[in-house]
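Peer 1: Have a look at the structure that comes next, please.
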Amino acid sequence: MWPKNLEEARSIQEALRGSVVAQGEPTGVRLVCGVDISHERSSTRGFAAAVVLRAHNLEVMETVFHEGELWFPYIPGYLSFREGPLLMELLGKLKLAYS
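Put into structure tokens, the structure is as follows:
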């Protein structure tokens, strides 16, 4: 469930803060995925892209694209709430991630 306003976003972010574990090194990585989201300045329309690469040689294995609405406003420090819903829809289109 995505927040409807800044107060809800702040509460979610504070609750998740204690869950972050920043230790160790990744092992056994076979695939890596890069994503980007852009938008038109004059609208709330967002455009997202993802590319999956084979980790050892960076061969492109899959690309996906998605368009949708960015309904949460841009607020520094809360970008995940603006781009998160579109990003989740984009990643849901990947086939390799679930094979």
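Residue numbers are given in our numbering: position 1 of the sequence shown equals residue 44, and the series is strictly consecutive.
Ideal Cβ positions, reconstructed from N, Cα and C, are used throughout, including at glycine.
Within its chain, find whatever has a CB closer than 6 Å to the CB of Thr87; leave out the 5 residues flanking it on each side and keep chain order.
Peer 2: Answer for Thr87: Glu112, Leu113, listed in chain order.
Peer 1: Find the nearest neighbour of Tyr117 within the set Glu68, Gly127, Phe108, judged by alpha-carbon distance.
Peer 2: If we check each option's Cα against that of Tyr117, Gly127 comes out closest.
Peer 1: Rounding to the nearest angstrom, what Cα-Cα distance links Pro119 and Gly135 in this structure?
Peer 2: Their Cα atoms are separated by approximately 26 Å.
Peer 1: Give the C-beta separation of Leu96 and Leu130 to the nearest angstrom, bearing in mind that I take them to be a contact with Cβ-Cβ under 8 Å.
Peer 2: Not confirmed; about 18 Å, so no contact.
Peer 1: What first and last residue would you give for the alpha helix (DSSP H) that runs through Phe124?
Peer 2: Here the alpha helix (DSSP H) through Phe124 covers 122-135.
Peer 1: Phe108: buried (16+ other C-beta within 10 angstroms of its C-beta) or exposed?
Peer 2: Its Cβ having fewer than 16 others within 10 Å, Phe108 is exposed.
Peer 1: Pop quiz: Ile80 and Gly67 are said to be a contact at Cβ under 8 Å. What is the actual Cβ separation, rounded to whole angstroms?
Peer 2: Their Cβ separation, rounded to whole angstroms, is 28 Å, which puts Ile80 and Gly67 out of contact at 8 Å.
Peer 1: Near Val103, what residues of its chain come up, given a Cβ to Cβ distance below 7 Å and the 5 sequence neighbours on each side ignored?
Peer 2: So the list reads Val94, Leu96, once near-sequence residues are dropped.
Peer 1: Give the straight-line distance between the Cα atoms of Asn48 and Asn100, rounded to the nearest whole angstrom.
Peer 2: When rounded, the distance between both Cα atoms is 43 Å.
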